[in-house]
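Enquirer:
Numbering (the working numbering), first residue to last: 520 to 686.
#1: Could you tell me which residues DSSP puts in a beta bridge with residue 620?
#2: CB-CB under 7 Å to residue 659, same chain, minus the five flanking residues each way: which ones, in chain order?
#3: State yes or no: is the C-beta of residue 604 within less than 8 Å of the C-beta of residue 546?
#4: Would DSSP call residue 547 helix, strand or coil?
#5: Determine the direct distance from the alpha carbon of residue 559 to that of residue 667, and round the result to whole angstroms.
#6: For residue 575 and residue 600, which I take to be in contact (beta-carbon distance under 8 Å), what is that distance rounded to the nearest angstrom?
#7: Measure the Cβ-Cβ separation of residue 630 and residue 623 and say whether it is below 8 Å.
#8: Across which residues does DSSP place residue 554 in a beta bridge pair?
#9: Using CA atoms only, rank isn't needed, just tell me which of 557, 552, 645, 579 is closest to residue 663.
#10: Going by beta-carbon coordinates alone, are residue 669 and residue 561 separated by less than 8 Å?
#11: Rounded to whole angstroms, what's the CA-CA distance from residue 621 to residue 550? Just pull it up for me.
#12: Could you name the residues of the same chain whose beta carbon sits closer than 7 Å to that of residue 653, not counting the 5 residues immediately before and after it, in chain order?
#13: Which of helix, strand or coil does DSSP assign to residue 594?
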C-alpha cells in the first residue's frame, strides 16, 4: 500500500481500495486474464450461467489483486482460478467471505451451475482427495499457455457482458 511521509494511505490508493470493498457480488471468479484457455472457459460460463450468478475479474486487475491479498496470497499470484463467495460488501466485518482455489474453485463453480454438474462436483469433492484433484489442476494450469496460447493483455469485457466484469 502506498503511504505518504507520515504513514497515511494516499487518496488515489484509498479510493481504489474503497471501490474494491464496495463490490456487491455473491460470487466472483478470478481468472488469468491473459490466458486463452482461461478466457475460453469464461466465455462458456457467460453463455451457460443463465442466472447471471457469477461476476468475473482478471487476477491481474485491481479487483483481482486486492481480493488475492485479502485471502492471504501475493497480489501477483496468477497460479490459480479463485472463487470468492458471499462477497456482498467485502469490506463489511459482518460478512463472511469464502475463498476457493484450484480444483475446489472449479468444482464449486460446476456445482453452482446445477444438475448434472452439481452431482458430479459434490461427488468429486467428497470422494477424490484434494491432493489428487489439485495435482490434476496444477498439471493443466502449468501448461495452460502451451495448450491455447497467451494474450498480450487482459481482455476488456464484451459490451454485452460489461455488468458481469469487475476491472
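For every residue, glycine included, the Cβ atom is placed at its ideal position computed from N, Cα and C.
Expert: According to the structure data:
#1: 601
#2: none
#3: yes
#4: strand
#5: 9 Å
#6: Contact flag wrong, Cβ pair sits at about 10 Å.
#7: no
#8: 669
#9: 557
#10: no
#11: 11 Å
#12: 621, 622
#13: coil
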